[in-house]
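Working notes for the structure below.
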Amino acid sequence: MRVIFLDTVHPILEERLTGKGYECIDATSLSKDECLNLITDAVGIVIRSRFRMDRSFLDSAVNLKFIARSGAGMENIDEAYCQSRNIELYNAPEGNRNAVGEHALGMLLALFNKLHTADVEVRNGQWNRERNRGIELDGKTVGIIGYGNNGSAFARKLRGFDVTVLAFDKYKKGYGDDHVSEVSMDELFAQCDVISFHIPQTEETLYLADESFFASFQKPIYLINLARGKVVKTSALVSALKNGKVLGACLDVLEYEKASFESFFDQEMNDDFKYLLASKNIILSPHVGGWTHESYFKLSNVLADKILKQ
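For the sequence shown, position 49 matches number 49 in the working numbering, and the numbering has no gaps at all.
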């Protein structure tokens with residue numbers, strides 16, 4: 001039973017699979033063609049995002065039983081084709097949900113308290129107290145779009161604050177409790193001061209946050225996106241920032257990301273992205289919302305649990 005590791009993950013996954021009789025092969029430094037030759041007799045593939053798991057790639061894996069994705073998003077996998085071949089798909093949103101919740105809260109608090117600008121100014125010998133006067137989270141209404149692992153984790157982190165938390169999830173019902181109210185999208189548009197995305201990238205969610213989305217809010221909002229970059233149409237966000245519909249944004253993901261995150265800055269930056277880079281009411285991070293030392297272990301451990309239950 002051979003499992004091919006196409007991407008680097010925490011060694012606990014290999015340790016646990018090897019202990020149950022699997023032969024684990026490190027293909028993280030091999031080319032795509034070399035990997036295609038290697039997966040012909042594999043029963044499992046472990047990935048993050050290096051190669052797209054489409055039909056042309058998977059046709060070489062004639063004995064494939066499962067694909068294990070270290071992370072939450074499955075947009076790089078042809079799920080319909082895998083289903084037609086009875087290939088099990090495993091992901092691990094449970095492994096990094098706490099990290100995502102903490103990162104979302106951290107970005108929001110930093111933006112509200114202008115920590116990103118204040119730090120730079122003090123280091124440059126500027127003591128601008130009034131310019132760095134912050135605002136408080138207490139009293140705000142926070143809307144969460146997508147109430148799965150990551151959305152619910154962010155809601156739990158907000159429990160220590162005097163905030164109203166609303167959540168909308170098109171595919172879930174009955175999750176409201178003492179801390180979160182289940183509402184419609186129209187209610188989010190009417191009530192929210194902050195909106196946070198926690199949804200996958202699908203045909204349905206692609207550019208969900210477009211011009212009409214931002215125009216629908218009754219009052220100016222702050223935006224958080226730790227989901228997928230293409231959920232937010234950057235040009236629409238920039239327009240909303242310019243016209244005051246959006247007061248600021250916390251962006252861990254960007255529309256312009258490539259599958260290989262490390263090559264992000266090899267591309268030419270357009271004017272919308274340049275605007276974000278120059279804006280003091282924007283906080284950016286390099287898609288690390290779920291990327292902690294703890295989640296690195298948990299993602300692989302969760303995958304091991306799922307694979308070994310089959």
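Each residue gets a CB set at the ideal place from its N, CA and C atoms; glycine is no exception. Quick caveat: nothing in here was measured; it's all calculated off a predicted structure.
Best match in V183, T164, H179, V165 for proximity to K173 [C-alpha to C-alpha]: V183
Spatially closest choice to Q83 from V100, N96, M53, N98, by CA coordinates: M53
Where S56 falls, given that 16 or more other Cβ within 10 Å makes a residue buried: exposed
According to DSSP, residues forming a beta bridge with I145: F168, F197
Straight-line Cα distance separating G248 from L254: 15 Å
Cα-Cα separation, D210 to C35: 39 Å
Under 8 Å between C-beta atoms of V163 and F197: no
Nearest candidate by alpha-carbon position, reference G290, set D186, D252, P220, V246: D252
Integer-rounded CB distance, given that I144 should sit under 8 Å from V165: 7 Å
Between the CA atoms of N63 and A42 - distance to the nearest angstrom: 6 Å
R129, buried or exposed, once every other Cβ within 10 Å from all chains shown has been counted against 16: exposed
Terminal residues of the alpha helix (DSSP H) in which L276 lies: 271-278
Contact between the region 269-276 and the region 293-308 (3+ Cβ pairs under 8 Å): no
Own chain, CB closer than 8 Å to F213, minus 5 neighbours either side, in chain order: A236
Inter-residue spacing [alpha-carbon to alpha-carbon] between L223 and G125: 31 Å
Per-residue burial, R31 [other beta carbons within 10 Å of its own, 16 or more giving buried]: Note that residue 31 is Ser in the sequence shown here, rather than Arg. Looking at its Cβ environment, which holds fewer than 16 other Cβ atoms inside 10 Å, S31 is exposed.
T8 to V46 span [Cα, whole Å]: 9 Å
Close-in-space but distant-in-sequence residues of the same chain around E257 (CB under 6 Å, 5 per side omitted): G229
Environment of L6 [buried if 16+ CB atoms lie within 10 Å]: buried
Proximity of K12 and F297 at Cβ, strictly below 8 Å: It should be noted that the sequence gives Ile, not Lys, for residue 12. Taking 8 Å as the Cβ cut-off, I12 and F297 qualify as a contacting pair.
DSSP state of C192 mapped onto helix, strand, coil: coil
Sequence-distant residues of the same chain with beta carbon closer than 7 Å to E94, five excluded per side: N149, V302
Residue interval of the beta strand (DSSP E) (run including V120): V120 -> not in any beta strand (DSSP E); alpha helix (DSSP H) instead, spanning 115-123.
Residue interval of the beta strand (DSSP E) (run including L254): Here L254 belongs to no beta strand (DSSP E), and DSSP marks it neither H nor E.
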